[in-house]
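Asker:
Protein chains: 2
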Amino acid sequence: MTTDFQATKDKFHLPAGMIYLDGNSLGPLPKAAAARVNQTVANEWGDMLITSWNKAGWMAQPTALADRVGALIGAEPGHTVLGDTLSIKVYQALAAAIDLTPMRKVILSDTGNFPTDLYMAEGLIKSLDRGHQLKTVAPDDIIDALDDTVGVLMLTQVDYRTGRMHDMQALTKAAHAKGIITIWDLAHSAGAIPVNLQGCNADFAIGCTYKYLNGGPGAPAFIYVAPKHINSTQPALSGWLGHAAPFAFDMTYAPGTGIERMRVGTPPVLQMAALDAAMDVWDAVDMQDVRDQCFAFSEILISEITTRCPDLQLASPRDGALRGSQVSFSHPEGYAIVQALIAQGVVGDFRAPNIIRFGITPLYLTQSDITRAADILCDIMANRTWDQPQFKVKSAVT
Amino acid sequence: MTTDFQATKDKFHLPAGMIYLDGNSLGPLPKAAAARVNQTVANEWGDMLITSWNKAGWMAQPTALADRVGALIGAEPGHTVLGDTLSIKVYQALAAAIDLTPMRKVILSDTGNFPTDLYMAEGLIKSLDRGHQLKTVAPDDIIDALDDTVGVLMLTQVDYRTGRMHDMQALTKAAHAKGIITIWDLAHSAGAIPVNLQGCNADFAIGCTYKYLNGGPGAPAFIYVAPKHINSTQPALSGWLGHAAPFAFDMTYAPGTGIERMRVGTPPVLQMAALDAAMDVWDAVDMQDVRDQCFAFSEILISEITTRCPDLQLASPRDGALRGSQVSFSHPEGYAIVQALIAQGVVGDFRAPNIIRFGITPLYLTQSDITRAADILCDIMANRTWDQPQFKVKSAVT
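Structural data, given as structure tokens:
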């Protein structure tokens, strides 16, 4: 192991006493981010104003910073760009993929995909009005559903509820054998597990940067387009910053060079600053070390809970090779259990209808955090601490 | 006049000695924004983490803060929402407007529109592939081009190059008389001039918040949908945060209530914090006062320059009633002239091919700023100071 996890832990701010197992929803604050954002606000915006588009690198950041994300997911340099939200990136990728397989009308996904991916596909299909169909099958039935009616296979690699992980390489290969284009949503992969887009011969990938990459609330999304496709990709969302010459202000659109064409509008400069600080943490991190440490921690958590808390059902695969970087349990009172945990400083989250999720993030968690979280959870279950009215009041965002 | 412009000026940070005439590109830093953003980073993200979605109001902010923008443009409360970029909002508005007039195939715009509006329309038309046509006419020819082939009239109210302002009320009325839906891009209107969407019976409006509203680089865009249309609007970009129940994680999309459906993905929380601080400045501002002061300042600038600098041609309408909040001049060496001005602390900007732009923003400019800027510009013209090699090197972003 080459990664110094004590050193990475020291780079994050976490409230005293909190065990934060929700990095799969929102990564914690890298200590350097506050100063970096303040510098962007006070010096770049405040003092340098519009000159910062060039002098502070604001205009180049969506590609420059994207390459640092790309390095963690095995992307070729110059083939990833940051911007917008993951929903928008789904739309861009799917519109481009459909264009590459115009005669095939089925977009295949699975029931474990994150809903916004399916919703965006629905919206695009409706707009296109060319007889496309979004077909969702169970995760295990994907291989059998790959046939010559399918144009695009659109999957989230790691299931947001259960952490179940698809074999990206095998599925991409099987899809390609049938002439199908693939889109991989890496929302729960980037910064969580080793990903090798080049090695998988991936076509399109998308993801967000506020979960395992710790880019902050509302951090920009990313999109990757393989070199073999980028020059034939005609952006559906043809915004001015994806134009070949944005500042020529031509009246008609011409796509920019390479991945630049997947830019749309003005980048979120303050969010980029926070993400930039967050990416610094990754410079000294080996993704395989993260994976190994996550595996070890997850085994401890699963072992403790399955042994000591019989009422909690493991919702994640038992085999660590089939899991991403989260461990989930199911319980009919999952919501209240999560609230009771939070009240004792253990922050996980709940996903309807009955899933208790824990992100296992070695960058800022220790083994003693994991065993302590297990103890607290077992205590809550044994004493039915969750069975109190204050833990059952649902918030707008759960 | 009820607005205390000295008080508003005190609320902005501007570098010592700088006369900032580029608020039409990027508004300067409201002093309160740095602390506000830092609070969001350190306290909300750092200490409160995911609970901030509820407790710090992150989830509600795209509508709550949008209503503060809406109040400046005469929108009904609850009919504006923030998010994404202006390009994305153009796409959303146009897709919705096309749906309302399915049998009419012409989208009418003008040659003064900002290119990204036209580019996004191009992309949408190509995706739809239903025979729509983007027709652009000269600004003065719009009325004559309104016929029953036109489904949507999509215009930017104030021309980004010249400041020429359309009569929103008259054009909307003329469009409606022909059964045409209107989309108004308020990028150079919101915070610049009084706008009354309700009074104009507007259908859709969009805009950005980093120019006259001073929301910071990459601040979110906004979209307004009139009450008469919102419930029949089916979002083309049907993201999960526009869903009726985002946290139910249903497999199929159902549009949210009212304007909520025009949300797409996770809001840019740090950008929202900066914009929130910027909007505080507007609480004590009367838009008509801004308009009056802008008119007075613009008259001084135009009078000085046209009298003393015969080489500079006024590119804006001479009649202040026909201008927005900027004054532009044309010159073949406009780029070099702007660089020479910036070197002397007067920040305007250049727009291809030959436009020198000055944003006239009374919130932080004084009459003496305007006369001093005029003196410096006239001096540069008289001495041909601009005719030096260092002023002719073009940056990536101009």
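For the record, the sequence lines run as chains S and P.
Residue numbers for the first sequence, in my numbering: 571 to 968.
Residue numbers for the second sequence, in my numbering: 571 to 968.
Every residue gets a Cβ at the ideal spot worked out from N, C-alpha and C, and that includes glycine.
1) Following the continuous beta strand (DSSP E) through residue 794 of chain P, name the residue where it begins and the one where it ends.
2) Could one say the Cβ of residue 841 of chain P lies closer than 8 Å to chain S's Cβ atoms, at least one of them?
3) Taking the CB atoms as reference points, tell me whether residue 787 of chain S and residue 845 of chain S lie closer together than 8 Å.
4) Figure out for me which residue from S:946, S:642, S:772, S:615 has the closest Cα to the Cα of residue 749 of chain S.
5) Which of the three DSSP states is assigned to residue 584 of chain P in this structure?
6) In the DSSP output, what is residue 623 of chain P paired with across the bridge?
7) Which residue's Cα is closest to the Cα of residue 765 of chain P: P:819, P:727, P:747?
8) Buried or exposed: which applies to residue 571 of chain S, given that a residue is buried once 16 or more other Cβ atoms fall within 10 Å of its Cβ?
9) Check for me: the beta strand (DSSP E) holding residue 658 of chain S runs from which residue to which?
10) Against residue 608 of chain P, what residues of chain S qualify as contacts under a CB-to-CB distance less than 9 Å, listed in chain order?
11) Excluding five sequence neighbours on each side, which residues of the same chain lie with their C-beta closer than 6 Å to the C-beta of residue 778 of chain P?
12) Just to confirm the assignment, what range does the alpha helix (DSSP H) spanning residue 929 of chain S have?
13) In whole angstroms, give me the CA-to-CA distance for residue 901 of chain P and residue 954 of chain P.
14) Verify whether the separation of the beta carbon atoms of residue 599 of chain P and residue 582 of chain P is less than 8 Å.
15) Can you list the alpha helix (DSSP H) stretches of 4 or more residues lying completely in the region 736-823 of chain P, in chain order?
16) Terminal residues of the continuous beta strand (DSSP E) containing residue 677 of chain P?
17) Are the C-beta of residue 724 of chain P and some C-beta of chain S separated by less than 8 Å?
18) Does the beta carbon of residue 620 of chain P come closer than 8 Å to any beta carbon on chain S?
19) On the criterion of 16 or more Cβ atoms from any shown chain inside 10 Å, does residue 969 of chain S qualify as buried, or is it exposed?
20) Do you know whose CA, among S:822, S:799, S:829, lies nearest residue 793 of chain S's CA?
21) For residue 681 of chain S, does the count of other Cβ atoms within 10 angstroms reach 16, so buried, or fall short, so exposed?
22) Are the region 841-861 of chain P and the region 831-844 of chain S touching by the rule of at least three beta carbon pairs closer than 8 Å?
23) Please give me, in chain order, every unbroken run of the alpha helix (DSSP H) with length at least 4 that falls completely inside the region 827-884 of chain P.
24) What is the DSSP secondary structure of residue 714 of chain P, counted as helix, strand or coil?
25) Please state the DSSP three-state secondary structure of residue 958 of chain P.
26) Answer with yes or no whether the minimum CB distance from residue 834 of chain S to chain P is below 8 Å.
27) With a threshold of 16 other CB atoms inside 10 Å of the CB of residue 798 of chain S, please say whether the residue is buried or exposed.
28) Taking 7 Å as the limit between beta carbons, can you name the residues of its chain near residue 601 of chain S, skipping five residues before and five after?
29) Terminal residues of the continuous alpha helix (DSSP H) containing residue 942 of chain S?
30) Using a Cβ cut-off of 7 Å, pull out every chain P residue sitting near residue 810 of chain S, in sequence order please.
31) According to DSSP, simplified to helix, strand and coil, what is residue 618 of chain P?
32) Any idea what DSSP makes of residue 825 of chain P, helix, strand or coil?
33) DSSP state of residue 653 of chain S, grouped into three classes?
34) Taking just the CA atoms, how far does residue 622 of chain S sit from residue 652 of chain S?
35) If you follow the beta strand (DSSP E) that residue 724 of chain S is in, where does it begin and where does it stop?
Answerer: According to the data block:
1) Within the second sequence, residue 794 of chain P is the residue found at index 224, counting from 1. From DSSP, the beta strand (DSSP E) with residue 794 of chain P extends over 791-795.
2) Translated into the one-based positions of the second sequence, residue 841 of chain P becomes position 271. Output row for residue 841 of chain P: interface = yes.
3) Numbered from its first residue, the first sequence carries residue 787 of chain S at position 217. Numbered from its first residue, the first sequence carries residue 845 of chain S at position 275. No.
4) Reading the first sequence from its first residue, position 179 is the one you call residue 749 of chain S. Of the listed residues, the one whose Cα sits closest to residue 749 of chain S is S:772.
5) Sequence index remark: in the second sequence, residue 584 of chain P carries index 14 (1-based). Here residue 584 of chain P sits in coil by DSSP.
6) Translated into positions along the second sequence, residue 623 of chain P becomes position 53. For residue 623 of chain P, which the question treats as bridged, DSSP gives no partner whatsoever.
7) Against the second sequence, residue 765 of chain P aligns to sequence position 195. Selected option, being the one with the closest Cα: P:727.
8) Translated into positions along the first sequence, residue 571 of chain S becomes position 1. Under this definition residue 571 of chain S is an exposed residue.
9) As a working mapping, residue 658 of chain S is identified with position 88 in the first sequence. Not the beta strand (DSSP E): residue 658 of chain S falls in the alpha helix (DSSP H), residues 656-670.
10) In the second sequence, counting from the first residue as 1, residue 608 of chain P sits at position 38. The contacting residues are 604, 607, 608, 611.
11) The residue labelled residue 778 of chain P in the question sits at position 208 within the second sequence. Taken in chain order, the residues that qualify are 656, 757, 791.
12) Taking the first residue of the first sequence as position 1, residue 929 of chain S is located at position 359. Not the alpha helix (DSSP H): residue 929 of chain S falls in the beta strand (DSSP E), residues 925-929.
13) Translated into the one-based positions of the second sequence, residue 901 of chain P becomes position 331. Translated into the one-based positions of the second sequence, residue 954 of chain P becomes position 384. Using only the alpha carbons, I get a separation of about 13 Å.
14) Along the second sequence, one-based indexing puts residue 599 of chain P at 29. Along the second sequence, one-based indexing puts residue 582 of chain P at 12. In this structure, residue 582 of chain P lies closer than 8 Å to residue 599 of chain P by Cβ.
15) 738-747, 767-770, 797-800
16) To locate residue 677 of chain P, count along the second sequence from 1; it is residue 107. Segment 676-680, the beta strand (DSSP E) holding residue 677 of chain P.
17) Residue 724 of chain P sits at position 154 when you count from the first residue of the second sequence. Cβ-Cβ to chain S under 8 Å: no for residue 724 of chain P.
18) Numbered from 1 along the second sequence, position 50 holds the residue referred to as residue 620 of chain P. Residue 620 of chain P counts as touching chain S.
19) Coverage of chain S is limited to positions 571 through 968, which leaves residue 969 of chain S absent and any answer about it impossible.
20) Along the first sequence, one-based indexing puts residue 793 of chain S at 223. Among S:822, S:799, S:829, the Cα nearest to that of residue 793 of chain S belongs to S:829.
21) On the first sequence, residue 681 of chain S is found 111 positions in, with the first residue counted as 1. By the 10 Å Cβ count, residue 681 of chain S comes out exposed.
22) yes
23) 839-852, 857-878
24) On the second sequence, residue 714 of chain P is found 144 positions in, with the first residue counted as 1. Reduced to three states, the DSSP call for residue 714 of chain P is helix.
25) Here residue 958 of chain P is taken as the residue at index 388 of the second sequence, counted from 1. Coil at residue 958 of chain P, not helix or strand.
26) Along the first sequence, read from residue 1 onward, the residue named residue 834 of chain S stands at position 264. It does: the Cβ of residue 834 of chain S has a partner Cβ on chain P nearer than 8 Å.
27) Here residue 798 of chain S is taken as the residue at index 228 of the first sequence, counted from 1. Flag for residue 798 of chain S reads exposed.
28) Against the first sequence, residue 601 of chain S aligns to sequence position 31. Around residue 601 of chain S: 581, 582, 583.
29) For the purposes of this step, residue 942 of chain S is taken as residue 372 along the first sequence, with counting starting at 1. Residues 937-952.
30) Here residue 810 of chain S is taken as the residue at index 240 of the first sequence, counted from 1. Correct list: 657, 685, 686, 689.
31) For the purposes of this step, residue 618 of chain P is taken as residue 48 along the second sequence, with counting starting at 1. DSSP places residue 618 of chain P in the helix class (H, G or I) of the three-state scheme.
32) Taking the second sequence and counting its residues from 1, one reaches residue 825 of chain P at position 255. Reduced to three states, the DSSP call for residue 825 of chain P is strand.
33) Residue mapping note: residue 653 of chain S aligns to position 83 of the first sequence, counting from 1. In this structure, residue 653 of chain S counts as strand in the three-state DSSP scheme.
34) Translated into positions along the first sequence, residue 652 of chain S becomes position 82. Translated into positions along the first sequence, residue 622 of chain S becomes position 52. Going from the Cα of residue 652 of chain S to the Cα of residue 622 of chain S covers about 18 Å.
35) Mapped onto the first sequence, residue 724 of chain S falls at position 154. It spans 720-726 - the beta strand (DSSP E) in which residue 724 of chain S sits, taken as one unbroken run.
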